[in-house]
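Everything below concerns the one structure shown next.
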Amino acid sequence: MIFSTYNKYIIKLFLGKLILIFSIFFSLILVINILDEINFLQGKNEGFYLPIILTFLNSPSVVFEVFPFIFLIATQFFFISLIENNEIQIFKYSGIKNTKLLITIAITSFFVGIFIIFVFYELSSNLKNNYLKIKNSMIEDKKFLAVVTNNGLFIKDEIGEFKNIINAEKISGNFLINVSITQFNENGKIEKNIIGKKADISDFKWIIEDANVSINNENYFKNKLLFNSNFNLDKINNIFSNLSSLSLYKLFELRNDYKKLNYSLDKIDSHLNKILSLPLFVSLMTILSAILMFRIKYNRNVIFNVVIGVSISVVVYYVNYFINTMGINEIISIKLSIWLPMLFLSLFCLLNTVRINEK
4 MIFSTYNKYI IKLFLGKLIL IFSIFFSLIL VINILDEINF LQGKNEGFYL PIILTFLNSP
64 SVVFEVFPFI FLIATQFFFI SLIENNEIQI FKYSGIKNTK LLITIAITSF FVGIFIIFVF
124 YELSSNLKNN YLKIKNSMIE DKKFLAVVTN NGLFIKDEIG EFKNIINAEK ISGNFLINVS
184 ITQFNENGKI EKNIIGKKAD ISDFKWIIED ANVSINNENY FKNKLLFNSN FNLDKINNIF
244 SNLSSLSLYK LFELRNDYKK LNYSLDKIDS HLNKILSLPL FVSLMTILSA ILMFRIKYNR
304 NVIFNVVIGV SISVVVYYVN YFINTMGINE IISIKLSIWL PMLFLSLFCL LNTVRINEK
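Printed below as a string of structure tokens:
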């Protein structure tokens with residue numbers, strides 16, 4: 004019963020610090036984002052409120068990316084509060100060892116992480132989607148469009164006075180497979196039709212193989228046909244790279260579409276695994292921060308602890324980024340690139356919690 008009372012107190016205090024650090028990070032991100040939006044809207048005469056609206060729509064998705072570091076710093080402030088009130092010693096006298104304290108906040112972090120995935124991320128992705136819709140509607144050049152559909156890849160492309168509507172069954176390496184192109188003139192009349200077995204899109208000058216061309220009801224065949232476009236493989240890849248605007252359901256739906264299209268699943272698998280690994284990640288960051296606080300001297304001030312926390316966050320970020328890049332570049336598998344840092348953190352935390360009760 005005594006432990007249950009203390010347990011509730013520990014959870015309440017930890018969640019309070021988590022909300023505090025979240026609020027600080029969110030406020031900082033709001034300030035940075037609103038400056039970016041004001042800069043983007045310069046000269047557009049869109050009014051005073053639009054930068055604020057865009058900032059609030061975009062900021063939650065940015066906060067989602069830094070949640071592990073929010074947990075790390077929040078855990079530091081949690082322990083600072085316990086140390087200042089000499090409550091760790093009180094817990095020990097009540098039979099609550101450091102390991103029990105650590106397990107309590109780690110489990111709390113895990114369940115908060117689940118809440119973040121299924122509630123916060125769903126909200127942030129919807130807000131991000133609306134943010135992108137508003138931003139895209141303000142882009143003056145709307146001549147280019149590329150989307151993935153159930154029927155394959157659809158591209159709208161304008162070159163000079165001609166508008167090209169392009170469909171492809173799937174992407175394989177640098178090639179579009181089973182390509183069909185309908186070209187319209189400036190009056191909206193069909194200028195020509197092109198059907199090709201495949202097209203090399205590694206450059207903006209496509210090479211269409213085994214092309215059947217129809218112009219004014221006259222047909223001819225070319226083994227290789229050069230076709231100018233505003234798109235190449237890299238540009239198409241970048242168009243589909245903003246996955247933070249999609250809910251979990253839409254991500255899995257898009258993954259199925261990519262699979263049908265034979266489009267690379269690496270980025271979407273990386274994004275999905277990053278989301279699904281969040282509860283474990285924030286739990287490990289909580290444990291890592293707790294180990295740090297147990298090991299340093301209690302007379303260190305708040306600034307020292309925050310500097311240490313930020314430094315560790317930077318190291319963890321770059322290690323994660325490096326290993327994730329290895330996955331995207333196919334040096335290691337995508338799943339391994341996400342879960343390998345978790346394994347390293349888990350081993351480090353496990354080795355350092357063995358003698359934590361002596362601290």
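This note's numbering puts the last residue of the sequence shown at 362; the count rises by one with no breaks. All residues carry an ideal CB built from backbone N, CA and C; glycine is no exception. What you are looking at is a predicted structure, and each value in this text was computed from that prediction instead of being measured.
Where residue i falls, given that 16 or more other Cβ within 10 Å makes a residue buried
| i | result |
| --- | --- |
| F121 | exposed |
| N36 | buried |
| V66 | buried |
| Y52 | exposed |
| L126 | exposed |
| T78 | buried |
| L354 | exposed |
| N190 | exposed |
| D144 | Any answer about D144 is weak, because its pLDDT of 48 lies below 50 and its placement is not dependable; what the coordinates show is given next. Classification of D144: exposed, given that the 10 Å Cβ count is below 16. |
| S64 | buried |
| N259 | exposed |
| T328 | exposed |
| I271 | buried |
| F123 | buried |
| F255 | exposed |
| I193 | exposed |
Close Cβ partners of residue i (< 6 Å) along its chain, the five nearest in sequence each way excluded
| i | result |
| --- | --- |
| S205 | N177, L236 |
| L60 | L130, N133, Y134 |
| F25 | I73 |
| N196 | T185, S217 |
| K201 | F178, I180, E212 |
For residue j and residue i, believed in contact at Cβ under 8 Å, the rounded distance
| i | j | result |
| --- | --- | --- |
| L229 | I198 | Not confirmed; about 16 Å, so no contact. |
| K338 | N276 | 6 Å |
| L249 | S128 | 6 Å |
CA nearest to the CA of residue i, picked from the options
| i | options | result |
| --- | --- | --- |
| T356 | N188, E256, W342, R298 | R298 |
| I55 | I76, E68, I32 | I32 |
| F234 | E256, K208, K227 | K208 |
| I168 | S232, I110, N220, N245 | S232 |
| T8 | F307, S97, I239 | S97 |
| F2 | F325, I110, L249 | Missing from the structure shown is residue 2; the chain here goes from 4 to 362 and no further. |
| F81 | F123, M296, K253, I271 | M296 |
| I41 | F29, I27, N170, L57 | L57 |
Sequence-distant residues of its chain with Cβ nearer than 7 Å to residue i (five each side left out)
| i | result |
| --- | --- |
| K225 | A214, V216 |
| Y85 | In the sequence under discussion, the amino acid at residue 85 is Leu, which differs from the Tyr named in the question. I91, listed in sequence order. |
| D39 | none |
Own chain, CB closer than 8 Å to residue i, minus 5 neighbours either side, in chain order
| i | result |
| --- | --- |
| I117 | P282 |
| L222 | It is worth fixing the name first, because residue 222 is Asn in this sequence and not Leu. The answer, listed in chain order, is N215, V216. |
Using 8 Å as the threshold, is the segment 311 to 329 in touch with the segment 68 to 86, meaning 3 or more CB pairs across them?
yes
Check whether the segment 334 to 347 touches the segment 78 to 93, taking contact to mean three or more Cβ pairs, one atom from each stretch, closer than 8 Å.
no
Determine, using beta-carbon pairs with one atom in the segment 281 to 294 and one in the segment 160 to 167, whether at least three such pairs fall under 8 Å.
no
Does the contact criterion of 3 or more C-beta pairs under 8 Å hold for the segment 12 to 20 versus the segment 104 to 117?
yes
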